[in-house]
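Here's the structure we're looking at; comments come further down.
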Amino acid sequence: MTSQNVVGRFFDVQGGQVYAHVREGDSPALIFLHYYGGSRRTWIPVLQRLDPGQGFVAYDQRGWGDSTSVPGPYGLEQLADDAQQVIDALGYSGYVLVGHSMGGKVAQLLAARKPAGLRGVVLVAPAPPAPIGVTEQMQEMAFHAYESEEAILQSIDLMLTHGGLTPELRRQVVEDSMRGGEQARLAWSRQGMVHDASAGVSAIEVPVLVLAGSHDKVDPPTVLAEHLLPLIPTATLTVLKDTGHLSPLEVPDQVAAHIGAFVARL
């Protein structure tokens with residue numbers, strides 16, 4: 035992020051510190067939670083397209099980006115605790131959780147706790163609350179997907195994108211995926227993917243916007259319509275055009291516009 039009012043800072047979490055980019059600005063602030071394999075950088079194209087006055091924090095979840103040195107556990111409940119600690123440290127009176135994929139599942143867990151100040155949730159290509167059709171083979175694939183540059187590029191082309199990415203963004207995805215700690219990769223593929231949060235999410239009372247990619251092979255719109263929407267009474271689904279799973283990188287214009295409109299309605 036080159037914007038002069040974005041500052042880098044560390045936040046204390048259990049066992050260490052996570053690194054974040056923070057912009058003071060209009061409330062409700064946006065709390066960005068990245069996908070399995072990503073980092074705070076995944077959100078940069080979206081952040082650059084938000085209203086320049088919008089306050090936000092985008093941080094590297096433990097085990098990823100510049101937070102790889104933070105020890106485990108790396109389970110979803112711990113990641114939700116981390117998000118709460120970041121929010122508490124910033125002292126936001128009102129905020130919106132914006133979670134992508136794995137980050138979307140973390141956002142669901144945190145929102146189900148009904149934390150003070152939560153105004154709404156945006157779930158971008160989120161993992162559904164309950165594991166739908168997750169096989170051991172899929173778990174193995176997820177664990178090994180980021181083992182080498184070749185494997186990551188194959189994942190980008192076969193699973194994660196629809197229209198492809200610029201060479202710069204492909205490089206970024208490779209770098210972020212390879213930086214992730216092995217234990218963090220293990221935690222999502224072995225535990226996070228099959229973590230069943232379905233019992234709790236019906237408690238979510240704030241508005242929830244689900245943004246699903248038209249060509250998402252990981253969490254398709256049909257799966258989210260069937261296995262997420264009925265569980266969260268306040269949720270509505272919008273399909274993003276011409277994108278796969280990595281919509282914050284593929285179609286940041288659409289993602290930022292929908293987030294902006296959602297916040298304006300609050």
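Using the numbering used here, you'd call the opening residue of the sequence shown number 35 and step up by one each time.
Every residue, glycine too, gets a C-beta built ideally from N, C-alpha and C.
Since the structure is predicted, the reported quantities are computational estimates derived from the model, not experimental observations.
Exercise for the section: Report yes or no: do the stretch 179-189 and the stretch 150-168 share at least 3 C-beta pairs separated by less than 8 Å? Expected result: no
Handout entry: Assigned exposure category for Gln188 - 16 Cβ within 10 Å defines buried
Key = exposed
Problem - Proximity to Val207 [Cα-Cα], best of Leu84, Trp98, Gly89 - result: Trp98
Handout entry: CA nearest to the CA of Val244, picked from Val47, His279, Leu67, Val156
Key = Val156
Handout entry: Sheet register partners of Ala54 (DSSP bridge)
Key = Arg43, Tyr93
Problem - Reduced DSSP category for Thr270 - H, G, I as helix; E, B as strand; rest coil - result: strand
Problem - Cβ shell of Ala145 (< 8 Å), same chain only, five flanking positions each side left out - result: Leu131, Leu152, Val155, Val235, Ile238, Val240, Val242
Problem - Buried versus exposed call for Pro201 [16 or more other C-beta atoms within 10 Å across all chains shown] - result: exposed
Exercise for the section: Spell out a yes or no on whether the stretch 211-231 and the stretch 96-115 are touching, meaning 3 or more CB-CB pairs, one atom from each, closer than 8 Å. Expected result: yes
Exercise for the section: Have a look at Met227 and Lys139 and give me their C-alpha separation to the nearest angstrom. Expected result: 9 Å
Handout entry: Ordered list of alpha helix (DSSP H) runs contained in the stretch 131-210, each at least 4 residues
Key = 136-146, 170-178, 183-189
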